[in-house]
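Participant: Attaching a single structure in structure tokens format; questions to follow.
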Ligand SMILES: Nc1ncnc2c1ncn2[C@@H]1O[C@H](COP(=O)(O)OP(=O)(O)OP(=O)(O)O)[C@@H](O)[C@H]1O
Ligand SMILES: [Mg+2]
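Protein chains in written order, with our numbering: chain A, 1 to 235; chain B, 236 to 462.
Put into structure tokens, the structure is as follows:
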């Protein structure tokens, strides 16, 4: 589903990504791990068509990014660090706007049901600027999936969420996975990663240093493996 | 093609609705134009006949400066929560985003003109417009050209640290032909209607300039909106 070949990204003569090769199959849920400043968010931005790679190839669903950017954009649901929400709009207005931007029909009903599934039905008509951090994150998640994307790119989706919301998010990801959605998730939360991801890749200094299976493994395995990889001098 | 207009209207609707919610920009624009009119009415005695000569200048001073107030906000307002990035990674074309922003800015400047021009005529006791139709036409052509170039340059300047200063700096050289033509045409239409053919020639110039730059902006906007 997602293929990246020799991806590099240079900013101000500094290499942020130094040759990433990545292959992700349809319906897979993959965690991207790595220390701060490793280039995880940058990789996601490249995949989300937000920034252009300096060199290398990306193709999603067999479509090459440079040639079919427009088609690819319809497939992607991207949740970055920032919320992408209009502060003085209500969650409903935000979702209806973005739904329309993606050319969706029956957006209103869809938006209402999404907002209630992230547990904010009582705040449907309250401007987002009055929301707490976790509430904003919930709306941001709903925004990222309003158009039923086939590929989800999530950048630390669990930040700020309480236990209940984190579980809701996990079940949303798993439900979408059943429908064939591919998920790529940057996270520092090993517990969530172990819970929902089948595979993990570790990025350090802009390079992919590990790629391993997580099926049937628990948090402790992930912890010890990660510590060994990142602090054990591998690069 | 229908998608282009649909998306542009979506953006314009969003911007105008957001303005309705916050009432930040339009209010400032209207207060500003009111102040300009008041100050000019203090400086020039409305009873004197020569005073009529400053009216075209006042009208275009209002359009230019209140226009800049709106243009500056147009893309800066998308920086909070990085909503501009969200628009860029959506399937909407950059050109339709540009056209939507243009429509919103144009609507706002039309509202400012609708409020301030009657107020100006009232204060200066002016009620002998040569030709209302041509007057409205020159307002429309001049404002459209100014706003379409302005929206493009606002998109360009928004990525810079000192965009509030950069925008007027870029805007004045590029739009000066429109402004010169508009002031000249307005002057003729308001006080010297016998010379209408001259005004029409000025308007043709503005019209041609509008079309060329509008098309150019539509084509080039893709390259200035990158993150
Ligand atoms: N626009 C930019 N210009 C210059 N350097 C940048 C730019 N964006 C990111 N970087 C640098 O690239 C590196 C990787 O950044 P990135 O945001 O991808 O890290 P990350 O892995 O997501 O970290 P975190 O876990 O803290 O979110 C950092 O060292 C950062 O300083
Ligand atoms: Mg990051």
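Beta carbons: idealized from backbone N, C-alpha and C, even for Gly.
Model, not experiment: these values are computed from the prediction.
Indicate the three-state DSSP secondary structure (helix, strand or coil) for residue 86 of chain A in the structure shown.
Facilitator: Coil at residue 86 of chain A, not helix or strand.
Participant: Is it right to say residue 397 of chain B is buried, meaning 16 or more other beta carbons lie within 10 angstroms of its own, or is it exposed?
Facilitator: Its Cβ having fewer than 16 others within 10 Å, residue 397 of chain B is exposed.
Participant: Using a Cβ cut-off of 8 Å, pull out every chain B residue sitting near residue 85 of chain A, in sequence order please.
Facilitator: In chain order: 316 and 318.
Participant: Label residue 307 of chain B either buried or exposed according to how many other C-beta atoms from any shown protein chain fall within 10 Å of its C-beta, with 16 as the threshold for buried.
Facilitator: Under this definition residue 307 of chain B is a buried residue.
Participant: With 8 Å as the C-beta to C-beta threshold (strictly closer), list the residues of the stretch 59-78 of chain A near chain B in chain order.
Facilitator: Listed by position along the chain: 70, 73, 74, 76 and 78.
Participant: Grouping DSSP H, G and I as helix and E and B as strand, with all else coil, what is residue 5 of chain A?
Facilitator: Strand at residue 5 of chain A.
Participant: Please report whether the beta-carbon of residue 408 of chain B lies at a distance below 9 Å from any beta-carbon of chain A.
Facilitator: False, the Cβ-Cβ gap to chain A never drops below 9 Å.
Participant: How far does the alpha helix (DSSP H) with residue 360 of chain B in it extend, from its first residue to its last?
Facilitator: It is not in any alpha helix (DSSP H) - residue 360 of chain B carries neither H nor E in the DSSP assignment.
Participant: Mind pulling the chain B residues with CB within less than 8 Å of residue 49 of chain A?
Facilitator: By Cβ distance, chain B contributes 324.
Participant: With a threshold of 9 Å between beta carbons, is residue 253 of chain B in contact with chain A?
Facilitator: True, the Cβ-Cβ gap to chain A drops below 9 Å.
Participant: Name, please, each residue of chain A whose Cβ falls closer than 7 Å to the Cβ of residue 421 of chain B.
Facilitator: Result: empty, since nearest Cβ-Cβ is about 37 Å, beyond 7 Å.
Participant: Answer yes or no: does any C-beta atom of chain B fall closer than 9 Å to that of residue 80 of chain A?
Facilitator: Answer yes: the Cβ-Cβ gap between residue 80 of chain A and chain B drops below 9 Å somewhere.
Participant: Between which two residues does the beta strand (DSSP E) containing residue 58 of chain A stretch?
Facilitator: Unbroken beta strand (DSSP E) run through residue 58 of chain A: 55-60.
Participant: Using the beta-carbon count (16 or more within 10 Å), is residue 158 of chain A buried or exposed?
Facilitator: That one is buried.
Participant: For residue 421 of chain B versus residue 380 of chain B, is the C-beta distance shorter than 9 Å?
Facilitator: Cβ distance not < 9 Å, so residue 421 of chain B and residue 380 of chain B don't count as in contact.
Participant: Quick check: what's the CA-CA separation for residue 105 of chain A versus residue 139 of chain A?
Facilitator: Near 20 Å, if we compare the C-alpha coordinates of residue 139 of chain A and residue 105 of chain A.
Participant: Would you list, in chain order, the members of the stretch 93-121 of chain A that have their beta-carbon closer than 9 Å to a beta-carbon of chain B?
Facilitator: Answer in chain order: 93, 97, 98, 100, 101, 102 and 103.
Participant: Quick one: which residues of the stretch 375-397 of chain B get their C-beta closer than 9 Å to a C-beta of chain A? List them in chain order.
Facilitator: Residues: none.
Participant: What are the boundary residues of the beta strand (DSSP E) that residue 199 of chain A is part of?
Facilitator: Residues 199-204.
Participant: Helix, strand or coil for residue 118 of chain A, going by three-state DSSP, please let me know.
Facilitator: Looking at residue 118 of chain A - three-state DSSP - the assignment turns out to be coil, as it is neither helix nor strand.
Participant: Does the Cβ-Cβ distance between residue 406 of chain B and residue 384 of chain B come in under 9 Å?
Facilitator: In this structure, residue 384 of chain B lies closer than 9 Å to residue 406 of chain B by Cβ.
Participant: Would you please state the rounded distance, in angstroms, between the beta carbons of residue 54 of chain A and residue 72 of chain A? I believe it to be under 8 Å.
Facilitator: That belief does not hold up - the Cβ atoms of residue 54 of chain A and residue 72 of chain A are roughly 19 Å apart, past 8 Å.
Participant: List, in chain order, every chain A residue whose beta-carbon is nearer than 8 Å to that of residue 336 of chain B.
Facilitator: Those within 8 Å of residue 336 of chain B in chain A number zero; the least Cβ separation is about 14 Å.
Participant: In chain order, which continuous runs of the alpha helix (DSSP H) of length 4 or greater are located wholly inside the stretch 119-187 of chain A?
Facilitator: If we require 4 residues or more, the alpha helix (DSSP H) runs fully inside the stretch 119-187 of chain A come out as 133-144 and 163-178.
Participant: If you draw a straight line from the alpha carbon of residue 249 of chain B to that of residue 94 of chain A, how long is it in whole angstroms?
Facilitator: One C-alpha to the other measures close to 10 Å.
Participant: Give the interface partners of residue 327 of chain B over in chain A, defined as CB-CB distance under 7 Å, in chain order.
Facilitator: Neighbours of residue 327 of chain B on chain A, chain order: 101.
Participant: CB residue 57 of chain A to CB residue 5 of chain A, shorter than 9 Å?
Facilitator: Yes; because the gap between Cβ atoms is below 9 Å, this pair is in contact.
Participant: Specify whether the stretch 292-300 of chain B and the stretch 116-125 of chain A touch according to this definition: at least 3 beta carbon pairs, one from each stretch, less than 8 Å apart.
Facilitator: Because the criterion of three Cβ pairs below 8 Å is not met, the stretch 292-300 of chain B and the stretch 116-125 of chain A do not touch.
Participant: Just how far apart, CA to CA, sit residue 393 of chain B and residue 459 of chain B?
Facilitator: Between residue 393 of chain B and residue 459 of chain B, the C-alpha separation is close to 10 Å.
Participant: Can you give, in chain order, each stretch of the alpha helix (DSSP H) that sits fully within the stretch 281-354 of chain B and has at least 4 residues?
Facilitator: Whole alpha helix (DSSP H) segments, 4+ residues: 290-311 and 318-323.
Participant: Mind checking which residues open and close the alpha helix (DSSP H) that includes residue 102 of chain A?
Facilitator: It is not in any alpha helix (DSSP H) - residue 102 of chain A carries neither H nor E in the DSSP assignment.
Participant: So, at 7 Å on beta carbons, what are the nonlocal neighbours of residue 457 of chain B in its own chain, with the 5 sequence-adjacent residues on each side left out?
Facilitator: Within the same chain, residue 457 of chain B has close Cβ partners 329 and 330.
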